[in-house]
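S.K.:
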Amino acid sequence: MTVSEAACRVGLSTHTLRWYEQEGLVAPVARDSAGRRRYTDADIGWLVLLTRLRRTGMPVRDMRRYAELARQGDDTLLDRVALFEQHRARVLARIDELQEDLAVLNFKIDAYRQIAGDR
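Using our numbering, the letters of the sequence shown map in sequence onto residues 41 to 159.
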């Protein structure tokens, strides 16, 4: 698929998709005879993973490290596991923070509804 189609499929702009490639997050994508990028389903799967990592707050430097490790092959599996375990811990801590924030919002909503209902 084209860069526009790939970007749409994974929810990125074409500019961001090209930036991911420029930053080494994506291996060089195959090109057609006219030099246009052509993304495969495997490329899309990789991009979906990257967007999930980014959406969960993984720093680009860690995403870059992961991409480097993945390209090096199975000898880096334990390093990749460690990287993901560290990120998972950060995500879980953020979820806990968000749960606390949500509890405060729910409290305020309930309090305001109570006050509004008393009027």
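Even for Gly, the Cβ is constructed at its ideal location relative to N, Cα and C.
(1) Name, in chain order, the residues that DSSP records as bridge partners for residue 77.
(2) Answer yes or no: the CB of residue 76 versus the heavy atoms of the ligand ADP, is any distance below 7 Å?
(3) With DSSP run on the structure shown, which of helix, strand or coil describes residue 125?
(4) In its own chain, which residues sit with a C-beta less than 7 Å from the C-beta of residue 91, not counting the 5 before and 5 after it?
(5) Does residue 96 come out as helix, strand or coil in the three-state DSSP assignment?
(6) Are the CB atoms of residue 64 and residue 105 within a distance shorter than 8 Å?
(7) Go ahead and label residue 79 buried or exposed: buried means 16 or more other beta carbons lie within 10 angstroms of its beta carbon, across all protein chains shown.
(8) Between the C-alpha atoms of residue 135 and residue 142, what's the straight-line distance to the nearest angstrom?
(9) Comparing alpha-carbon positions, which option in 71, 69, 145, 127 lies nearest residue 97?
(10) Whole angstroms is fine: what's the gap from residue 123's alpha carbon to residue 71's?
(11) Report the residue from 132, 66, 121 whose alpha carbon sits nearest the alpha carbon of residue 82.
M.R.: Once the coordinates are examined:
(1) By one-based count along the sequence shown, residue 77 stands at place 37. In the DSSP output, where bridge partners are listed per residue, residue 77 has 71.
(2) What this structure holds is no ligand at all, so the ligand ADP is not there to describe.
(3) Taking the sequence shown and counting its residues from 1, one reaches residue 125 at position 85. Three-state result, residue 125: helix.
(4) For this step, residue 91 is matched to residue 51 along the sequence shown. For residue 91, where only same-chain residues beyond five positions count, the Cβ hits under 7 Å are 50, 51, 52.
(5) For the purposes of this step, residue 96 is taken as residue 56 along the sequence shown, with counting starting at 1. Coil, per DSSP.
(6) As a first step, residue 105 must be located in the sequence shown, where it is residue number 65. As a first step, residue 64 must be located in the sequence shown, where it is residue number 24. In this structure, residue 64 does not lie closer than 8 Å to residue 105 by Cβ.
(7) By one-based count along the sequence shown, residue 79 stands at place 39. Label assigned to residue 79: buried.
(8) Here residue 135 corresponds to residue number 95 of the sequence shown, with the count starting at 1. Here residue 142 corresponds to residue number 102 of the sequence shown, with the count starting at 1. Rounded to the nearest angstrom, the two C-alpha atoms are 10 Å apart.
(9) To locate residue 97, count along the sequence shown from 1; it is residue 57. Out of 71, 69, 145, 127, 127 has the C-alpha closest to the C-alpha of residue 97.
(10) Here residue 123 refers to the residue found at position 83 when the sequence shown is read from its first residue. Here residue 71 refers to the residue found at position 31 when the sequence shown is read from its first residue. Distance between the alpha carbons of residue 123 and residue 71 is about 31 Å.
(11) As a first step, residue 82 must be located in the sequence shown, where it is residue number 42. Per the Cα distances, 66.
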